[in-house]
Amino acid sequence: MGTLIYGGDFEIEIDDRMLAHLKIVIIGKLRRAESCALSWTVAKAQGSGRETIWINPSTALRFRFDTADRHPINPEWVAAIAETANRGDIQLVSEPAKAAG
Numbered sequence: 001m002g003t004l005i006y007g008g009d010f011e012i013e014i015d016d017r018m019l020a021h022l023k024i025v026i027i028g029k030l031r032r033a034e035s036c037a038l039s040w041t042v043a044k045a046q047g048s049g050r051e052t053i054w055i056n057p058s059t060a061l062r063f064r065f066d067t068a069d070r071h072p073i074n075p076e077w078v079a080a081i082a083e084t085a086n087r088g089d090i091q092l093v094s095e096p097a098k099a100a101g
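Going by full-length UniProt numbering, 72 is the number at position 72 of the sequence shown; the sequence numbering is gapless.
So this is what it looks like as structure tokens:
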């Protein structure tokens with residue numbers, strides 16, 4: 001499990017592969033000086049529910065991965081995550097299934 005560290009002390013555990021794709025979307029928005037919300041579901045072990053943080057260009061963010069390996073990037077997954085940002089807030093959506101070919 002990777003970790004998105006927000007504001008220096010708030011940590012959100014996210015699967016490394018998901019975090020790699022999320023990083024691309026968030027960095028892209030910040031490079032364009034765009035702010036955005038990030039929402040996720042809280043596990044039952046942590047009390048369940050939903051949480052949201054506001055990310056803007058002055059927010060301190062750190063992306064920490066459990067492995068040094070770079071994960072292969074699925075452009076369709078990046079696009080799916082980016083689409084959620086365009087609708088209101090970034091959601092941690094599942095990777096799209098590969099089309100049978």
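In this text, a Cβ means the ideal position worked out from N, Cα and C, and glycines have one as well.
- Distance from Glu51 to Val42 at the Cβ level is roughly 6 Å; contact confirmed, criterion being Cβ atoms closer than 8 Å.
- Counting only the Cα atoms, Ser94 lies some 8 Å from Trp77.
- The DSSP-derived three-state label of Val78 is helix.
- Taken in chain order, the unbroken stretches of beta strand (DSSP E) that lie wholly in the UniProt domain "DUF7882" (1-93) and span 3 residues or more are 2-6, 10-14, 36-42, 49-55, 61-64 and 89-91.
- The residue from Asp89, Ile14, Asp9 and Ile24 with its alpha-carbon nearest to that of Thr67 is Ile14.
- A residue is called buried once 16 or more other Cβ atoms fall within 10 Å of its Cβ, and Ile27, having fewer, is exposed.
- Judged by their CB atoms, Ala60 and Gly2 are not nearer to each other than the 7 Å cut-off.
- Our two residues, Asn56 and Leu38, have alpha carbons roughly 11 Å apart in a direct line.
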